[in-house]
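Accompanying notes for the structure given below.
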Amino acid sequence: MHSPEIAIIDPNTLTCLGLQHLIQELLPQAVVRVFPSFAALTDDTPDMYAHYFVAAQVYFEHTNFFRERHPKAIVLAGGAHLPHLSGVPQLNIFQSEDGLRRDIGGLHDYGHPHRAPKHPTDGDNTGSFPTHGIGSGHAAQPGAAPEVSAQAAAGPLPPTGPIHPAGRRETGRNETELSPREVEVLILITRGLINKEIAERLHISLTTVISHRKNLTEKLGIKSVSGLTVYAVMNGYIEADKI
Numbered sequence: 001m002h003s004p005e006i007a008i009i010d011p012n013t014l015t016c017l018g019l020q021h022l023i024q025e026l027l028p029q030a031v032v033r034v035f036p037s038f039a040a041l042t043d044d045t046p047d048m049y050a051h052y053f054v055a056a057q058v059y060f061e062h063t064n065f066f067r068e069r070h071p072k073a074i075v076l077a078g079g080a081h082l083p084h085l086s087g088v089p090q091l092n093i094f095q096s097e098d099g100l101r102r103d104i105g106g107l108h109d110y111g112h113p114h115r116a117p118k119h120p121t122d123g124d125n126t127g128s129f130p131t132h133g134i135g136s137g138h139a140a141q142p143g144a145a146p147e148v149s150a151q152a153a154a155g156p157l158p159p160t161g162p163i164h165p166a167g168r169r170e171t172g173r174n175e176t177e178l179s180p181r182e183v184e185v186l187i188l189i190t191r192g193l194i195n196k197e198i199a200e201r202l203h204i205s206l207t208t209v210i211s212h213r214k215n216l217t218e219k220l221g222i223k224s225v226s227g228l229t230v231y232a233v234m235n236g237y238i239e240a241d242k243i
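The opening position of the sequence shown corresponds to residue 1 in full-length UniProt numbering, with each subsequent residue numbered one higher.
Listed below in structure tokens is the structure:
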């Protein structure tokens, strides 16, 4: 039987070790490889993996690569700072160990709709992780690194609000989903690029960039670059030290 290979791409060593341990415990037949950076992944054999568990910042910096591998790429995020991405699977690594076990345990069916058991609350048989954050939310301190092993050892965490069918807890804020392309534009704006430079970087037209910026303003209600920068940092799209 062929052993599935799984990649974890995250600069945080504790996150990698904790997640690797849980995956190997739940899926002993899997081969789990850890990479501290995207460059380390590409130096290996990047196309051989059945699934990619990738840190949010790494995902956003290399969106094209991971979008081409949808739905294999799963974004690692934490608690109340789960990025709002339309159609992108996410795993909340700041939840309890039981929650992580439950979510990772569904990996065998992820990406294989014909194998997945239908959940009583599901409208259809998708066989994949929800496209929103999974598990109970727990707010991370700004700038804190996700540490799976430390969070898991702490046991179940208190809920922050009513749980939704998709697995998220209501945090009392207006959650706006952005498309992957809008996130790319947002990140480049925060890094000081002008419209023409963004168009060249993403290989899209100037008109398309302007349209995305208009959508960002309408969705977020923020017009200034400084305001967009604060939003991007507070919602986990970019790290403050990379601005």
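Where a beta carbon is used, it is the ideal one built from N, C-alpha and C, also for glycine.
All values reported here derive from a predicted model rather than from experimental measurement.
With respect to residue 195, residue 209 sits close: the two C-beta atoms are nearer than 8 angstroms.
Classified as exposed, residue 192 has fewer than 16 neighbouring CB atoms from the shown chains inside 10 Å of its CB.
For residue 4, same chain residues with a beta-carbon under 6 angstroms away, outside a window of 5 residues either side, are 30 and 50 in chain order. The straight-line gap separating the alpha-carbon atoms of residue 68 and residue 219 is approximately 26 angstroms.
In the three-state reduction of the DSSP assignment, residue 21 falls in the helix class, which pools H, G and I. DSSP places residue 33 within a strand segment (E or B) once states are collapsed to three. Residue 73 is bridged by DSSP to 52.
For residue 35, the closest alpha carbon among the candidates 28, 46 and 27 is that of 46.
With respect to residue 57, residue 198 sits apart: the two C-beta atoms are not nearer than 8 angstroms. When the beta-carbon positions are compared, residue 105 and residue 92 stay at least 8 angstroms from each other.
Nearest neighbour of residue 27 by Cα position, chosen from 2, 201 and 39, turns out to be 2. Note that the C-beta distance between residue 22 and residue 101 is below 8 angstroms. The residue among 52, 19 and 42 with its C-alpha nearest the C-alpha of residue 7 is 52. Distance check between residue 55 and each of 15, 227, 99 and 205 places 15 closest, using alpha-carbon atoms only.
In this structure, the CA atom of residue 222 is about 26 angstroms from the CA atom of residue 76. For residue 240, there is no enclosing alpha helix (DSSP H), as DSSP marks it with neither H nor E. Rounded to the nearest angstrom, the gap between the Cα atoms of residue 180 and residue 64 is 9 angstroms. In the DSSP assignment, residue 92 falls within the beta strand (DSSP E) that extends over 90-92. Beta-bridge pairing by DSSP links residue 5 to 31. For residue 212, the enclosing alpha helix (DSSP H) stretches over residues 206-220.
In the three-state scheme derived from DSSP, where H, G and I count as helix and E and B as strand, residue 57 is classed as helix.
Distance from the Cα of residue 232 is smallest, within the candidate group 60, 41 and 33, for 60. Proximity to residue 87 across 240, 12 and 176 peaks at 176, based on C-alpha coordinates. Taking C-beta atoms as the reference points, residue 216 and residue 185 count as a pair closer than 8 angstroms. Taking 8 angstroms as the cut-off, the beta carbon of residue 41 is found no closer than this to the beta carbon of residue 74.
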